[in-house]
Every structure is written in C-alpha cells, then in structure tokens.
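Note sheet for the following structure.
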Amino acid sequence: MVKAEFNSYAKTYKEWSDVQVLTGSHLIQKLKETIGNKAVSSIIDLGCGDGCGTNHLHKTLKSASTLGIDSSTNMIERATRNYSTINTLQKNPKGKSTPQLNFQLNTIQDLDAAYFSEFDLIYSNASLQWVSDLQSFFQKIKQSRAINSDQMVSFSLFTSKTLTELSQGLESIGRTDSLPTATFLDKESIGSILKSTFTDVVIWHESIVKPFTTINELFDSLKYTGVRDKDREKGLWTPRQLRDLKSYYEKNWGQYRLTYDVVYGVISR
Ligand SMILES: C[S@@+](CC[C@H](N)C(=O)[O-])C[C@H]1O[C@@H](n2cnc3c(N)ncnc32)[C@H](O)[C@@H]1O
Numbered sequence: 099m100v101k102a103e104f105n106s107y108a109k110t111y112k113e114w115s116d117v118q119v120l121t122g123s124h125l126i127q128k129l130k131e132t133i134g135n136k137a138v139s140s141i142i143d144l145g146c147g148d149g150c151g152t153n154h155l156h157k158t159l160k161s162a163s164t165l166g167i168d169s170s171t172n173m174i175e176r177a178t179r180n181y182s183t184i185n186t187l188q189k190n191p192k193g194k195s196t197p198q199l200n201f202q203l204n205t206i207q208d209l210d211a212a213y214f215s216e217f218d219l220i221y222s223n224a225s226l227q228w229v230s231d232l233q234s235f236f237q238k239i240k241q242s243r244a245i246n247s248d249q250m251v252s253f254s255l256f257t258s259k260t261l262t263e264l265s266q267g268l269e270s271i272g273r274t275d276s277l278p279t280a281t282f283l284d285k286e287s288i289g290s291i292l293k294s295t296f297t298d299v300v301i302w303h304e305s306i307v308k309p310f311t312t313i314n315e316l317f318d319s320l321k322y323t324g325v326r327d328k329d330r331e332k333g334l335w336t337p338r339q340l341r342d343l344k345s346y347y348e349k350n351w352g353q354y355r356l357t358y359d360v361v362y363g364v365i366s367r
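Be aware that the sequence shown starts at 99, since it is given in my numbering, and climbs by one per residue.
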C-alpha cells in the first residue's frame with residue numbers, strides 16, 4: 099500500500115524535496131514580478147512542511163510577519179526549531195518591528211475565511227493537492243478576499259498526472275497498489291474550480307521530470323519526501339515484479355523517472 103506519511107519523514111524531507119524547492123522558487127519568482135519591490139506585511143504559508151520554503155519566502159518578500167501552518171507535528175517541530183523567531187523576540191521584547199516567522203500545528207480545512215482574511219498574502223506550495231474539498235477551500239479564500247480586498251493569493255499543487263509513469267508501470271506488472279496521487283484532481287478540474295471562483299486568477303502549468311539512476315533511488319525519493327510503499331518495506335514485492343518494473347521503465351521511457359505535474363495560480367491585489 100502506498101501512502102503519504104509526512105510525519106515519519108520530516109527529517110529527510112529537506113534533502114529529497116528538490117521538486118518542491120523548484121516549484122516554490124517558480125512561484126516566488128512570479129510573485130516578485132507581480133509585487134515588485136513592495137514589502138508584504140503578513141503571509142500565511144499553508145502546508146509549510148519543514149519550514150525551509152517558508153523561511154525563503156519570508157526573507158525574499160521581506161515580510162513583517164509570516165506564519166507557516168502544517169498538520170504534521172514533526173514538520174512543525176522541525177520548522178520551529180530551525181526557523182522560528184519566537185526566541186529572538188523573547189530576547190528582544192521591544193522588537194515589535196522585527197520580522198517575525200512562526201509556525202503552528204493546524205489543518206488547512208479547519209481554517210475559515212475570517213482567519214484567512216488576517217493575512218495580506220495566502221501562499222501554499224505543493225500542499226493543496228492533499229485538501230479533500232478544493233472547491234470549498236477556494237470558496238473560503240474568495241470570502242476572505244471579500245473581507246480583505248488587498249489580499250493576494252499564490253499557490254502550486256500537483257495534479258493527477260503526477261507519478262504517471264509509476265502508476266502505469268505498477269498496472270502493467272499487475273500490481274494493484276494505488277498511489278496517493280490517485281486522489282489528486284486533474285489539471286482541467288482544478289482550472290474549472292479556479293475560473294468559476296475567481297475572475298482575476300492567473301493560472302499556468304508545468305511538468306517536471308525527475309530522472310533517477312536506479313529504481314531503488316526512485317523509490318527512496320518517494321519515501322523520503324513522505325510517500326511510503328509499505329509493501330516494499332515489508333518485502334512484499336517479488337524480485338520478478340521489480341525486474342518487470344525496471345524493464346517497463348527501460349522499454350517505455352529509456353530511464354527511471356517520476357513526473358511531477360503542477361498547476362500554479364496567482365491572484366494579485
Ligand atoms: C509536499 S509537502 C510541501 C511542504 C512545503 N510547502 C514545501 O514547499 O516544501 C506537503 C505538506 O503538506 C502538509 N499537509 C498535507 N495535508 C495537510 C492539511 N490538510 N493541512 C495542513 N497541512 C497539510 C504535509 O504535512 C506536508 O508537510
């Protein structure tokens with residue numbers, strides 16, 4: 099069974115999350131082009147993971163106050179330990195103007211429009227694919243923007259085409275495992291939710307292909323970014339299945355690879 103388990107892999111996430119780092123940098127680049135040199139006063143980063151991307155965002159946009167939220171306790175614990183400014187502020191209680199970066203355990207679906215409206219920028223990189231009802235999430239964002247008309251929104255999320263070679267490969271060798279990406283929406287459905295909710299959203303799309311030298315490296319990359327294959331860990335894969343998967347990749351793709359299919363969106367002021 100292949101599952102997403104971010105909590106167990108908070109420690110290894112940073113070393114293996116190069117695709118997420120890339121989508122984050124593309125998103126921040128677009129934001130910078132939109133905002134110019136204007137500082138942002140408050141940001142919320144939804145599904146902030148280990149806080150590395152949140153820290154980069156906070157510094158690049160010169161935010162006065164940034165909050166990262168995530169539903170994984172281990173991710174929030176790491177983010178707080180490595181990047182939070184709570185301690186700096188305690189040492190410098192007068193420093194009200196000191197930029198603040200903090201983290202909180204929270205679930206995206208539990209936050210309401212009034213809460214979101216407190217922030218000038220709502221940001222989320224590589225996380226919203228895990229939100230079960232994307233339509234109602236974006237409705238809340240719409241309501242939030244009705245309260246705070248200056249609010250900007252920017253996000254990236256993976257589509258159902260993510261890990262497409264692997265899911266076809268598993269099927270071709272007769273394995274019934276479904277990947278967590280089976281629950282992700284396709285590009286068209288995400289686009290139609292966005293266009294029916296916002297009149298001013300700019301959407302773009304990218305496919306990122308990550309090559310690997312060996313099939314084991316491909317599986318490690320999934321595991322250490324939080325996608326676990328429990329059957330493989332328990333040895334429930336036969337040597338023959340692994341050999342068949344390797345030859346599927348070699349025959350169809352000429353290499354071991356994973357595709358990450360991404361939809362980006364920005365709504366400016
Ligand atoms: C692929 S990681 C992306 C982390 C980070 N944004 C980055 O750029 O590296 C996805 C994160 O979303 C978090 N997550 C998944 N579902 C969530 C939810 N419903 N509410 C809050 N966080 C969630 C996971 O715990 C994980 O840390």
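Don't be surprised by glycine CBs; every beta carbon is placed ideally from N, CA and C.
Same chain, Cβ closer than 8 Å to residue i, five either side skipped, listed in chain order
i: Y347; result: E263, G267, I313, Q353, Y354 and R355
i: D298; result: I365 and S366
i: L340; result: I313
Which residues DSSP lists as bridging residue i, in chain order
i: P309; result: R355
i: T183; result: None, per the DSSP bridge assignment.
i: E304; result: V360
i: I365; result: V251 and V299
i: L144; result: I167
i: A102; result: V325
Simplified DSSP assignment, three categories, for residue i
i: V299; result: strand
i: F253; result: strand
i: F201; result: strand
i: G333; result: coil
i: S287; result: helix
i: T164; result: strand
i: S139; result: coil
i: L277; result: coil
i: K259; result: coil
i: F317; result: helix
i: T110; result: helix
i: T178; result: helix
Close beta carbons around residue i, own chain, < 7 Å, minus the five adjacent residues each side
i: L283; result: L232, T257 and S258
i: W114; result: S319, Y322 and T323
i: D248; result: D218 and R367
i: F317; result: D327 and R330
i: I210; result: First, the residue type needs correcting, since residue 210 is Asp and not Ile in the sequence shown. Counting only Cβ-Cβ distances below 7 Å, and skipping sequence neighbours, we find K238.
Extent of the continuous alpha helix (DSSP H) run through residue i
i: S123; result: D116 to I133
i: S265; result: T262 to S270
i: T152; result: C150 to T158
i: F214; result: A211 to F214
Terminal residues of the beta strand (DSSP E) in which residue i lies
i: R326; result: V325 to D327
i: I245; result: No beta strand (DSSP E) holds I245; the alpha helix (DSSP H) holding it covers L232 to I245.
i: Y221; result: L219 to N223
Neighbourhood of residue i by C-beta, 6 Å cutoff - its chain only, sequence neighbours within 5 removed
i: L261; result: L277, T279 and L356
i: L343; result: G267 and I271
i: P309; result: Q353 and R355
i: S163; result: S140 and Q198
i: H156; result: T164 and L199
i: N105; result: S170 and N172
i: T178; result: F201
i: K240; result: T295
Test: residue i CB closer than 8 Å to a CB of chain B
i: L155; result: Among the protein chains of the structure shown there is no chain B, as only one such chain exists.
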